[in-house]
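Input: a single structure, listed below in structure tokens.
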Amino acid sequence: MKKAKEVFNSLVDKGLEHDIRSYNILINGFCNKMNIDEGMDLFREMLRKGLKPTTSTYDTLLKGLLKVGRCNATDHMFHEMMCSGQNPDILTYSILLDGFLKNQKIGKAVEVFQSMLDQGIVPDIVIYNIIINGMCEAGKIEDARKVFSTFLAKGLKPNVKMYTIMISGLCKAALVDEAEELLLQMEKDGCPPDDQTFNIVVRAFWKRGDRRKVKILLQEIINMNFKPDASTMSIVVDLLTVDGEDSNFLKMIQSLVPREDSKAVSQTLRE
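For the sequence shown, full-length UniProt numbering gives the first residue as 1, with consecutive numbering after it.
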């Protein structure tokens, strides 16, 4: 960023004026590098020169402030944005919701959501995913359920990401049976789960100590031609130490492992 700032400053020496686009690019660079103070300095400099920030300028700064946990400064910046006549769009609200929820500012996120509705902006599935995920991460599974139910009540169809977020939240809350029910429901609704969804549920049943259910789900992963992730494969290895003599289980395990790893599995089985 030092080099970029030097090039930016050299434009004036060459008789060129900085425009809003050049400021936006540099501000974005500093914010991405978590150097929000440099970004804010450029923003104030831009204002002093009479340049009018765009919605993109504000979005970048709001995202940067939230990344470093400066929620009060975010509030002030959002207020400044509204007062400047730059109306926030759905991207702005998604940035605010995601950032406040990640900073555990649930009440503030609720305020932002209400503000969005008051502005006449209809939340899309991205917004709902952000809210449900934020509630789940904060351990507020009941609130996540309510938002999920509201989405369904509007006649909208969840996508794989939304189902997976909700299933993951239920698993974290130790509501594994309900998570499995939702897994089955998404298939009935014509939204097949992906490998990530299955891996989450496998880990949850393993944590609960239900080896029988883990085996059933592993077979489903094989049937759907999915790949287990690293965490699921570690569960498979643990299962080998318990059920290594079960020939049916061994065949299933060999189906899960890539060919190049088959020798390693065979070695594990012999040991």
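Don't be surprised by glycine CBs; every beta carbon is placed ideally from N, CA and C. Note that the structure is a prediction, hence the values are computed from the model and not measured.
Return the CA-CA distance between residue i and residue j, expressed in angstroms with no decimal places.
i	j	result
residue 178	residue 49	58 Å
residue 121	residue 186	28 Å
residue 215	residue 200	14 Å
residue 165	residue 145	11 Å
residue 150	residue 142	12 Å
residue 198	residue 154	27 Å
residue 41	residue 80	15 Å
residue 125	residue 52	31 Å
residue 221	residue 61	43 Å
residue 64	residue 175	35 Å
residue 34	residue 97	19 Å
residue 156	residue 78	30 Å
residue 57	residue 115	20 Å
residue 224	residue 123	33 Å
residue 190	residue 163	12 Å
residue 228	residue 32	33 Å
residue 117	residue 21	30 Å
residue 45	residue 184	56 Å
residue 59	residue 74	10 Å
residue 67	residue 212	42 Å
residue 219	residue 181	18 Å
residue 109	residue 99	9 Å
residue 43	residue 129	31 Å
residue 28	residue 234	40 Å
residue 158	residue 91	20 Å
residue 195	residue 82	42 Å
residue 76	residue 93	15 Å
residue 112	residue 226	39 Å
residue 131	residue 87	22 Å
residue 23	residue 70	22 Å
Just curious, the alpha helix (DSSP H) that residue i is in, first and last residue?
i	result
residue 194	From DSSP, residue 194 is part of no alpha helix (DSSP H); its letter is neither H nor E.
residue 35	That residue, residue 35, is in no alpha helix (DSSP H); it is neither H nor E in DSSP.
residue 72	71 to 83
residue 153	141 to 153
residue 109	106 to 118
residue 89	Note, residue 89: premise wrong, no alpha helix (DSSP H); not H, not E.
residue 175	Looking at the DSSP string, residue 175 is not in any alpha helix (DSSP H), and its letter there is neither H nor E.
residue 49	Careful: residue 49 lies outside any alpha helix (DSSP H) and carries neither H nor E.
residue 61	55 to 67
residue 134	125 to 137
residue 223	211 to 223
Use the C-beta contact count for residue i: other C-beta atoms within 10 angstroms, 16 or more gives buried, fewer gives exposed.
i	result
residue 95	buried
residue 237	exposed
residue 19	exposed
residue 204	buried
residue 72	exposed
residue 241	exposed
residue 85	exposed
residue 36	buried
residue 188	exposed
residue 133	buried
residue 25	exposed
residue 207	exposed
residue 152	exposed
residue 193	buried
Leaving out five residues before and five after residue i in sequence, what residues of the same chain have Cβ atoms less than 6 Å from its Cβ?
i	result
residue 47	none
residue 168	200
residue 170	178, 179
residue 251	none
What does a CB cutoff of less than 7 Å around residue i pick up in its chain, not counting 5 residues either side in sequence?
i	result
residue 209	none
residue 38	30
residue 173	141
residue 217	198, 201, 202, 205
Taking 8 Å as the limit between beta carbons, can you name the residues of its chain near residue i, skipping five residues before and five after?
i	result
residue 138	101, 104, 106
residue 135	101, 106, 141, 143, 144, 147, 169
residue 89	55, 121
residue 231	199, 203
residue 160	186, 191, 192, 193, 194, 197
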